[in-house]
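In the working numbering, the protein residues as written are 160 to 239. Below: one structure, written as structure tokens.
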């Protein structure tokens, strides 16, 4: 679990949502003291000139049995 590795000081950087802070506080056992060793930044600007990302905790996939593969592929393209 990447959150556990980060909270334990074994990984130096992770992409996570704002809800990660509470998880890191709990997992580390440091509570709000964990905030003193954790920093937050934005994702760098991309081709569009804006800071954009898809939430990294979820993988995007289209199953072989999907009845709407073309539509699903269009959605994935749109999100990326």
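For every residue, glycine included, the Cβ atom is placed at its ideal position computed from N, Cα and C. Quick caveat: nothing in here was measured; it's all calculated off a predicted structure.
Item                                                                                      : Value
Rounded straight-line distance, which links the Cα of residue 183 to that of residue 167  : 9 Å
Nearest-angstrom Cα separation, counted from residue 225 out to residue 161               : 30 Å
Under 8 Å between C-beta atoms of residue 208 and residue 186                             : no
Proximity winner among 199, 227 and 192, relative to residue 178 (alpha-carbon distances) : 199
Rounded separation between residue 211 and residue 238 - CA only                          : 10 Å
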